[in-house]
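First to last, the protein sequences are chains A and B. Residue numbers are given in the working numbering: position 228 of the first sequence equals residue 644, and the series is strictly consecutive. Residue numbers are given in the working numbering: position 157 of the second sequence equals residue 628, and the series is strictly consecutive. All residues carry an ideal CB built from backbone N, CA and C; glycine is no exception. What you are looking at is a predicted structure, and each value in this text was computed from that prediction instead of being measured.
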Amino acid sequence: MEYVVETHALTKRFGNRTAVDRVELRVPRGSAFGYLGPNGAGKTTLIRILLGLLEPSEGNVSLLGLPQPQERKRALARVGAIVEEPRFHAYLTGRQNLTAIAAARGAAAGARIEPALERVGLRGRADHRVGTYSLGMRQRLGVAACLLADPELLILDEPMNGLDPGGMHELRELLRSFVDEGRTVVLSSHLLDEVERTCDAVAIVDRGRIVAQGSLAHLTASGTRRVRLATGDEVRAHKLLAAAHEVREVARDERGLIVTLQHGAAAGPATARLVQRLVAAGVAVYRVEPGEATLEQRFHEITARLGHERDEEGERDVLAV
Amino acid sequence: MCSPSDALRLVRAEIVKLVTRRGLVAAAVLLTIGTTVVAYAILELLHLGDPAKHGPAGGTQNFVNATWLLTQLGSIAVILLGATAGAGDLGAGFFRMLVVTGRSRLALFAARLPSGLAVALVLSAAEFALVAAATVLLAGGKATPSPALLVQSGLWIVAYMSVVYLVAVGLASLLGSRSTTIALLVGLQLAVTPVLQEVHGLHVPRELVLGVAVWQLAPRVVQAGAPRSDLAMSQGAIAAVLVGWVAAAVVAGAWKTITREA
């Protein structure tokens, strides 16, 4: 697999505080990649290092296969990025702001202004002052600024921040369309739901360290096992299942019972034993299917487990996903 | 750093940023062309109202006075332009948007020098042209400056405004603050310099003041219109002081632009 962003043992310290801690990040080409973590987890610091705005204390960075910071100019020529939030001159129009950025990008970028404005849906407001734009319009203008590079890679820091549901939907569609064109989109966010809807792969970061990384499907399928059961007597089934030692929790929804297995329990054999127990007790089992975990559930599982381990052992652990 | 065409594009973009800032342009035009028009209009109206008491608005003496006014208010306009060119992108958060393009920071800084200077010199030249025209056209029977004096004075104004602009843009790039730069330089120009100019006992320290040294370059006739000064600096000393101010400000501004956290 080809990676457009690779870091090795990347570390950034500010005095005694470690903002980025031995990060091993690998972003597959052509994917929408979420860098997910709570506020203060070191997401923006990592992005600033990737873009050469901050020097790492230790470790290596490669962007589009080019070592940084040695090949910074070559790499950034094909990278569009927004750090923290897109900032523009409020008294200039959208088009004038883009022209100023295009001037820094080089000759070819000027010709991309109109298509970029069209792409983000701002052509009709391009000659209005940015001071009159809504936050969502400024975010879209920021994306247009990224497109001036005809980027192979877009790096967006919390792009959904402050957007209303409609704005989020529009931006999500736009980002997915970039991926469909073969571009890679890296977005940092603390909004789990948005990352889950937008991204193919994620890295979960906690206190500067990547604690889980992989495809979204892999990540949500791993970890705590869940089994969904449809039975003939949900009340009895609930009682029987809750008493089983393999089971951590039993919940109920409109489709039946959701059984969360104990951590470390092998899903197949444990499920077989549970079904056997129900059938032996005379409860009819109509359907058994694997239950999916949401990214949010996985995120909380991982961060909660790490917190527990830290409390117990006084040290951090990286989870293998 | 970058090709000439890339550099030209950057300079053009910087000019657009300056000239589309309506408040800045209005203030700069008011401080340069506006004050000159008002000053000559008042002088001419006074003359027309009472020719016996008030002489014609033109002529050499009023040219000298108008040139002094031009340097004082014109330099404030140039300070505004320099401070905006040096710190405008930073203040708006736009500097980071430019840095992440991968363009060299030195190129970004370098573009600020000719862009604002061009705007400053166009305004100063327009103002000086007005002064020169009024001096000749409204002279009545009074003596007028020779063409040589007009040319010398014009070149001196260009030098004066260039030095002030470059110091302003360098200082603003160093400090990262438009308002602090304006306060410091206007204070230096309008408060510190006139006071130091009159402290005769200071000698060399006084010669190091930007506003003192630059006045030493003025044609003799124009110098007579400035506040009294007993200084007589050599051409070498004047050049050293002015080059020193410009070099220090520009190098410090470039260094900070390169090393600043974006």
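Secondary structure at B/A512, three-state DSSP: helix, strand or coil?
For the purposes of this step, residue 512 of chain B is taken as the residue at position 41 of the second sequence. Looking at B/A512 - three-state DSSP - the assignment turns out to be helix.
Looking at chain A, which residues of the segment 568-600 of chain B have a Cβ within less than 9 angstroms of any of its Cβ atoms?
Answer set for the segment 568-600 of chain B: M568, L569, V570, V571, T572, G573, R574, S575, A578, L579 and A582.
Against B/L481, what residues of chain A qualify as contacts under a CB-to-CB distance less than 7 angstroms, listed in chain order?
In the second sequence, the residue the question calls residue 481 of chain B occupies position 10. Going along chain A in sequence order, the residues near B/L481 (Cβ under 7 angstroms) are A519 and A520.
Residues in the same chain with beta-carbon distance under 8 angstroms from A/G475, minus the five sequence neighbours each way, listed in chain order, please.
As a first step, residue 475 of chain A is located in the first sequence; it is residue number 59 there, counting from the start. So the list reads T423, H424, A425, L426, T427, R438 and V439, once near-sequence residues are dropped.
Based on DSSP bridge pairs, tell me the residues matched to A/D622.
If you number the first sequence from 1, residue 622 of chain A lands on position 206. A/D622 pairs with A/R625.
Between the Cα of B/T664 and those of B/T651, B/S644, B/W686 and B/R649, spot the shortest distance and give me the residue it belongs to.
Against the second sequence, residue 664 of chain B aligns to sequence position 193. The option with the nearest alpha carbon to B/T664 is B/W686.
Would you call the segment 600-620 of chain B and the segment 530-550 of chain B in contact, with 3 or more CB pairs under 8 angstroms?
Yes: at least three Cβ pairs fall under 8 angstroms.
Quick one: give me the first and last residue of the beta strand (DSSP E) that A/D609 is part of.
Here residue 609 of chain A corresponds to residue number 193 of the first sequence, with the count starting at 1. That residue, A/D609, is in no beta strand (DSSP E); its alpha helix (DSSP H) goes L608 to T614.
Counting C-beta neighbours from all protein chains within 10 Å, is the total for B/A684 16 or more, i.e. buried, or is it exposed?
As a first step, residue 684 of chain B must be located in the second sequence, where it is residue number 213. Buried: at least 16 other Cβ atoms inside 10 Å.
Taking Cβ positions, are A/A617 and A/L632 nearer each other than 8 angstroms?
Taking the first residue of the first sequence as position 1, residue 617 of chain A is located at position 201. Taking the first residue of the first sequence as position 1, residue 632 of chain A is located at position 216. Yes, the pair counts as a contact, with Cβ atoms nearer than the cut-off.
Would B/G564 count as contacting chain A if we go by Cβ distances under 8 angstroms?
Within the second sequence, the letter at position 93 stands for residue 564 of chain B. B/G564 counts as touching chain A.
How many angstroms separate the CA atom of A/V443 from the CA atom of B/W627?
Stepping through the first sequence from its first residue, residue 443 of chain A is reached at position 27. Stepping through the second sequence from its first residue, residue 627 of chain B is reached at position 156. Answer to the nearest angstrom: the Cα atoms are 60 angstroms apart.
Beta-carbon separation of B/A484 and A/T509 under 8 angstroms?
On the second sequence, position 13 is the one that residue 484 of chain B refers to. On the first sequence, position 93 is the one that residue 509 of chain A refers to. Not a contact, by the Cβ cut-off of 8 angstroms.
Can a CB atom of chain A be found closer than 8 angstroms to the CB of B/T491?
Position 20 of the second sequence holds residue 491 of chain B. Output row for B/T491: interface = yes.
Quick one, which residues of the segment 503-514 of chain A are near chain B if we go by CB-CB under 9 angstroms, in chain order?
Flagged, chain order: R503, F504, H505, A506, Y507, L508, T509, Q512 and N513.
Below 8 angstroms CB to CB, which residues in the same chain sit around B/T728 once its five sequence neighbours on both sides are set aside?
As a working mapping, residue 728 of chain B is identified with position 257 in the second sequence. The residues are R576, L577, L579, F580 and S644.
In three-state terms, what does DSSP make of A/P483?
Position 67 of the first sequence, counted from the first residue, corresponds to residue 483 of chain A. Reduced to three states, the DSSP call for A/P483 is strand.
Which ranges would you report for the beta strand (DSSP E) in the segment 424-493 of chain A if only whole runs of at least 3 residues count?
Runs of the beta strand (DSSP E) inside the segment 424-493 of chain A: 433-439, 442-444, 448-452, 474-479 and 482-484.
Identify the continuous beta strand (DSSP E) that holds A/R641 and give its terminal residues.
Numbered from 1 along the first sequence, position 225 holds the residue referred to as residue 641 of chain A. Note, A/R641: premise wrong, no beta strand (DSSP E); not H, not E.
In or out: A/V734 buried (at least 16 other Cβ within 10 Å) or exposed?
Within the first sequence, numbered from 1, the residue matching residue 734 of chain A stands at position 318. The predicted model places A/V734 with a pLDDT of 43, which falls under 50 and marks its position as unreliable; any figure quoted below should be read in that light. Its Cβ having fewer than 16 others within 10 Å, A/V734 is exposed.
Between A/R488 and chain B, is the shortest Cβ-Cβ distance under 8 angstroms, so that the two count as touching?
Numbered from its first residue, the first sequence carries residue 488 of chain A at position 72. Cβ-Cβ to chain B under 8 angstroms: yes for A/R488.
Would you mind stating whether A/G456 and A/R488 have Cβ atoms separated by less than 8 angstroms?
Stepping through the first sequence from its first residue, residue 456 of chain A is reached at position 40. Stepping through the first sequence from its first residue, residue 488 of chain A is reached at position 72. In this structure, A/R488 does not lie closer than 8 angstroms to A/G456 by Cβ.
Looking at chain A, which residues of the segment 532-557 of chain B have a Cβ within less than 9 angstroms of any of its Cβ atoms?
Listed by position along the chain: nothing, the set is empty.
Using beta carbons (cut-off 8 angstroms, strictly below), is A/L492 in contact with chain B?
Here residue 492 of chain A is taken as the residue at index 76 of the first sequence, counted from 1. Taking Cβ atoms only, chain B reaches closer than 8 angstroms to A/L492, which makes this a yes.
Can you look up B/D477 in the DSSP assignment and give me helix, strand or coil?
By one-based count along the second sequence, residue 477 of chain B stands at place 6. The answer is helix: DSSP assigns B/D477 an H, G or I state.
Under 8 angstroms between beta-carbons, which chain C residues line up against B/S476? List them in chain order, please.
Here chain C cannot be found, since the structure's protein chains are A and B.
Taking C-beta pairs closer than 8 angstroms, name the residues in chain A that B/V487 reaches, listed in chain order.
In the second sequence, residue 487 of chain B corresponds to position 16, counting from 1. The answer, in chain order, is L508, Q512, T515 and A516.
With a CB to CB cut of under 7 angstroms and the five nearest residues on each side skipped, what residues in its chain are close to A/T710?
To locate residue 710 of chain A, count along the first sequence from 1; it is residue 294. Only E612 and T636 meet the Cβ criterion.
List the residues of chain B whose Cβ lies closer than 7 angstroms to the Cβ of A/L467, in chain order.
Position 51 of the first sequence, counted from the start, is the residue given in the question as residue 467 of chain A. Within chain B, the residues near A/L467 are V571.
May I have the straight-line CA-CA distance separating A/A646 from A/G698, to the nearest angstrom?
Here the question's residue 646 of chain A lines up with position 230 in the first sequence. Here the question's residue 698 of chain A lines up with position 282 in the first sequence. Cα to Cα, the separation comes out at about 14 angstroms.
Output needed for B/A558: all residues of its chain with C-beta closer than 8 angstroms, excluding positions within five of it in sequence on either side, in chain order.
To locate residue 558 of chain B, count along the second sequence from 1; it is residue 87. Around B/A558: A643, S644, L646, G647, S648, R649 and T652.
Are A/F594 and A/L570 close, meaning C-beta to C-beta below 8 angstroms?
Looking up residue 594 of chain A in the first sequence gives position 178. Looking up residue 570 of chain A in the first sequence gives position 154. Yes, they are a contact pair.
Work out the CA separation of B/A689 and B/S624 for me, nearest whole Å.
Taking the first residue of the second sequence as position 1, residue 624 of chain B is located at position 153. Taking the first residue of the second sequence as position 1, residue 689 of chain B is located at position 218. Distance between the alpha carbons of B/S624 and B/A689: 7 angstroms.
Establish whether the CB of A/A497 and some CB of chain B are separated by less than 8 angstroms.
Locating residue 497 of chain A in the first sequence gives position 81, where the first residue counts as 1. Judged by the 8 angstroms Cβ criterion, A/A497 is in contact with chain B.
For A/V699, which three-state DSSP category applies?
Your numbering for residue 699 of chain A matches position 283 in the first sequence. Three-state DSSP puts A/V699 in coil, outside helix and strand.
Using a C-beta cutoff of 8 angstroms, does A/A560 count as contacting chain B?
Position 144 of the first sequence, counted from the start, is the residue given in the question as residue 560 of chain A. It does not; no Cβ of chain B falls within 8 angstroms.
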